[in-house]
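Numbered per UniProt numbering, the sequence shown spans residues 1 to 339. The beta carbon of each residue, even a glycine, is placed where N, CA and C say it ideally should be. Input: a single structure, listed below in structure tokens.
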Amino acid sequence: MSLAFVAPSVAQLEVRDRGHRVEGGATTKATFVGGYEGDQSVNHALTSMAAMFVVAGGVRWRERRQQVTLRRAGGGPSTAVVGSPQETYQELVDKSEYLRDQHWTKTFHASFMGGAYVGMAGLLSLVIGGNMASQFITQKAVFAALFPINLLLVLTTGGQLFTGNSATMAIGIYEKKCTTKDLLRNWAISYVANICGCLLIDAVARYTGMFTGGAQEMAVHTVMKKCSATFGQTVVKGIMCNWLVCMAVWLCTMAKDLSGKMVGVWFPISMFIAIGFEHSVANMFILPAGIFSGAPLSWGDILVKNLIPVTIGNAIAGAFVVGAGMSFMFGKLGKKEDE
Numbered sequence: 001m002s003l004a005f006v007a008p009s010v011a012q013l014e015v016r017d018r019g020h021r022v023e024g025g026a027t028t029k030a031t032f033v034g035g036y037e038g039d040q041s042v043n044h045a046l047t048s049m050a051a052m053f054v055v056a057g058g059v060r061w062r063e064r065r066q067q068v069t070l071r072r073a074g075g076g077p078s079t080a081v082v083g084s085p086q087e088t089y090q091e092l093v094d095k096s097e098y099l100r101d102q103h104w105t106k107t108f109h110a111s112f113m114g115g116a117y118v119g120m121a122g123l124l125s126l127v128i129g130g131n132m133a134s135q136f137i138t139q140k141a142v143f144a145a146l147f148p149i150n151l152l153l154v155l156t157t158g159g160q161l162f163t164g165n166s167a168t169m170a171i172g173i174y175e176k177k178c179t180t181k182d183l184l185r186n187w188a189i190s191y192v193a194n195i196c197g198c199l200l201i202d203a204v205a206r207y208t209g210m211f212t213g214g215a216q217e218m219a220v221h222t223v224m225k226k227c228s229a230t231f232g233q234t235v236v237k238g239i240m241c242n243w244l245v246c247m248a249v250w251l252c253t254m255a256k257d258l259s260g261k262m263v264g265v266w267f268p269i270s271m272f273i274a275i276g277f278e279h280s281v282a283n284m285f286i287l288p289a290g291i292f293s294g295a296p297l298s299w300g301d302i303l304v305k306n307l308i309p310v311t312i313g314n315a316i317a318g319a320f321v322v323g324a325g326m327s328f329m330f331g332k333l334g335k336k337e338d339e
């Protein structure tokens, strides 16, 4: 999806790099994208993205070769690189029990780190996307391509996000492994810790002067857009977003190797960014970034116009769309009482 958005800009850059074009027999100066002659930023972004997928493909090829060798030798662990839906669901049930029994300090730490990773990915996307040629569609494509690194870091290091926990803990309730009190406890701790982690990265970025130039402009533009929709529209955007985020968690859990987890995370997250859906934890970073960058909004504005409705939407998607939906497919909600 991200590559499709960027493609038209590449063609424009090729025209721009030539510097001139012929019209009616006369040579005229070309119109430069964003006013920057010779800017190769989009080409560099495309090259980096292509290299990422080449590396992921190389890692997958090497792992498969190793698995084939083990299989021929008649030993080694299971060669399956993807778990079944039922196995994946059971892993999430087990995770809900783990989160239920986890001490609150560990939940806070894991969620704090999760928020920090989201903030780092958001800052990366602002710094790179904001300083590219001044075309919104190009900036959005780069943001979509770079931002998914946050969830990969979270899920492979044991970090926690309120958005993912909204589905996991709900699954625990449907399977009678957790209580409503357990769910609310985990949601509250992870939510507050996510905010703290994101604000830490905001503070670091502000102190080191990173909210300047294109990054500053993109932060202000993004926050103003996020706070321009109605309450109901924002709730629905939050529902659609966390539906995709929880599916990224599902695919990452299903994958058994790192390259599979990378692919499973990348596409759903890029999808919600490119479409323009709303993620509460991502907004815990981007909304303060916009305030620090000079957006004409108050803290009350960003809470009422964005963060509160987005949080409601994210919780609905996690608890009912994904949590209840998966329990109906693979768990107790889909079984008859006499079974």
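The stretch 277-293 and the stretch 302-311 touch, with three or more beta-carbon pairs separated by less than 8 Å. With fewer than 16 other CB atoms across the displayed protein chains lying within 10 angstroms of its CB, His103 is exposed. Membership of Val321 in any alpha helix (DSSP H) is not indicated, and neither H nor E is assigned to it by DSSP.
Secondary structure of Ala295 (DSSP, three-state): coil. Excluding residues up to 5 positions away in sequence, Ala110, Ser111, Gly114, Ser190 lie with their Cβ nearer than 6 Å to the Cβ of Gln160 in the same chain.
Counting only unbroken stretches of 4 or more residues, the alpha helix (DSSP H) elements lying wholly within the stretch 234-290 are 258-275, in sequence order. Cβ-Cβ separation between Val223 and Leu297: approximately 7 Å, consistent with a contact (criterion under 8 Å). In this structure, DSSP gives Val154 a helical state, which the three-state scheme calls helix. When the Cα atoms are used, Arg100 and Lys176 turn out to be separated by approximately 12 Å. A direct Cα-Cα distance of roughly 7 Å separates Lys261 from Leu251. Under the three-state reduction of DSSP, Val82 is assigned to strand. Between the stretch 86-97 and the stretch 168-183 there are three or more C-beta pairs closer than 8 Å, enough to call the two in contact.
The closest CA to that of Leu123, considering only Ala188, Ala203, Arg185, is found on Ala203. Non-local beta-carbon contacts of Thr208 in its own chain, meaning distances under 7 Å to residues more than five positions away in sequence, are absent. For Ala229, the three-state secondary structure derived from DSSP is coil. For Leu333, there is no enclosing alpha helix (DSSP H), as DSSP marks it with neither H nor E. Under the three-state reduction of DSSP output, Lys106 falls in the helix class. The straight-line gap separating the alpha-carbon atoms of Phe292 and Gly323 is approximately 36 Å. When only Cα atoms are considered, Ala145 and Met271 end up about 9 Å apart. Annotation for Leu155: Cys252 place their beta carbon closer than 6 Å to its own, counting only its chain and skipping 5 residues before and after. Of the candidates Leu184, Gly318, Ser259, Gly318 places its Cα closest to the Cα of Cys241.
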